[in-house]
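Since the structure comes first, as structure tokens, the remarks are kept for the end.
In my numbering, the protein residues as written are 409 to 545.
Listed below in structure tokens is the structure:
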């Protein structure tokens, strides 16, 4: 890959270079791992939800940030958006197959963290000492 060149995927099974600024996967990864992206994907893992239901399920998110996050996830093909022609319009969001595929490992990560945090703090504590010192590479 040459520096500054537009990135294209040339062969089946090749990986994108996410460290390259032109990598199309980089934006998707940024959206998924953004402050709110991961929580939206996890919230939608089991059910399709309306905008207000998502807002209620994700404490601390503003309507503006939820709208921006949903817009990015829909544009990336991770989520879908359905507008019912009612007054006021009812907007429902859900995960696409791609979104479910990406959301699975995120949910597993969340579940692992939750399990670890449910253990007593003493069992999670990392011992100090030379055997735990960072290794130089």
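Just so you know, even glycine gets a beta-carbon here, dropped at the ideal spot from N, CA and C.
message: Which of the three DSSP states is assigned to residue 457 in this structure?
response: By 1-based counting over the chain shown, the position of residue 457 is 49. Correct three-state label for residue 457: strand.
task: Using 10 angstroms around the beta-carbon of residue 436, count the other beta-carbons present and answer buried if the total reaches 16, otherwise exposed.
output: Taking the chain shown and counting its residues from 1, the one referred to as residue 436 is at position 28. With 16 or more Cβ atoms within 10 Å of its Cβ, residue 436 is classed as buried.
When you compare only the Cα positions, how much space is there between residue 427 and residue 450?
-> Mapped onto the chain shown, residue 427 falls at position 19. Mapped onto the chain shown, residue 450 falls at position 42. Taking the straight line joining both Cα atoms gives about 26 Å.
Review point. In three-state terms, what does DSSP make of residue 499?
Key: Within the chain shown, residue 499 is the residue found at index 91, counting from 1. Here residue 499 sits in strand by DSSP.
- Query: For residue 516, which of helix, strand or coil comes out of DSSP?
  - Reply: If you number the chain shown from 1, residue 516 lands on position 108. Looking at residue 516 - three-state DSSP - the assignment turns out to be helix.
Practice prompt. Starting from residue 447, follow its DSSP beta bridges and name the residues at the other end.
Written response: As a working mapping, residue 447 is identified with position 39 in the chain shown. Bridge partners of residue 447 according to DSSP: none are assigned.
Item to complete: Identify, in the order they occur along the chain, each residue of the same chain with its Cβ nearer than 6 Å to the Cβ of residue 445, setting aside the five sequence neighbours on each side.
Response: For this step, residue 445 is matched to residue 37 along the chain shown. 439, 477.
(request) Give the secondary structure of residue 426 by DSSP, where H, G and I count as helix, E and B as strand, and everything else as coil. (result) Walking along the chain shown from the start, residue 426 turns up at place 18. Coil.
query = What are the partner residues of residue 492, as DSSP defines its beta bridges?
reply = Walking along the chain shown from the start, residue 492 turns up at place 84. According to DSSP, residue 492 bridges with 498.
**Asked** Among 432, 512, 508, 465, which has the Cα closest to the Cα of residue 488?
**Response** For this step, residue 488 is matched to residue 80 along the chain shown. Ranked by Cα distance from residue 488, the options 432, 512, 508, 465 are led by 508.
- Task: Go ahead and label residue 501 buried or exposed: buried means 16 or more other beta carbons lie within 10 angstroms of its beta carbon, across all protein chains shown.
- Result: Along the chain shown, one-based indexing puts residue 501 at 93. Per the 10 Å Cβ criterion, buried.
Verify whether the separation of the beta carbon atoms of residue 503 and residue 514 is less than 8 Å. Start at 1 with the first residue of the chain shown, and residue 503 comes out as number 95. Start at 1 with the first residue of the chain shown, and residue 514 comes out as number 106. No; because the gap between Cβ atoms is not below 8 Å, this pair is not in contact.
> The alpha helix (DSSP H) with residue 483 in it runs from where to where?
Replying inline: Taking the first residue of the chain shown as 1, we reach residue 483 at position 75. Unbroken alpha helix (DSSP H) run through residue 483: 471-483.
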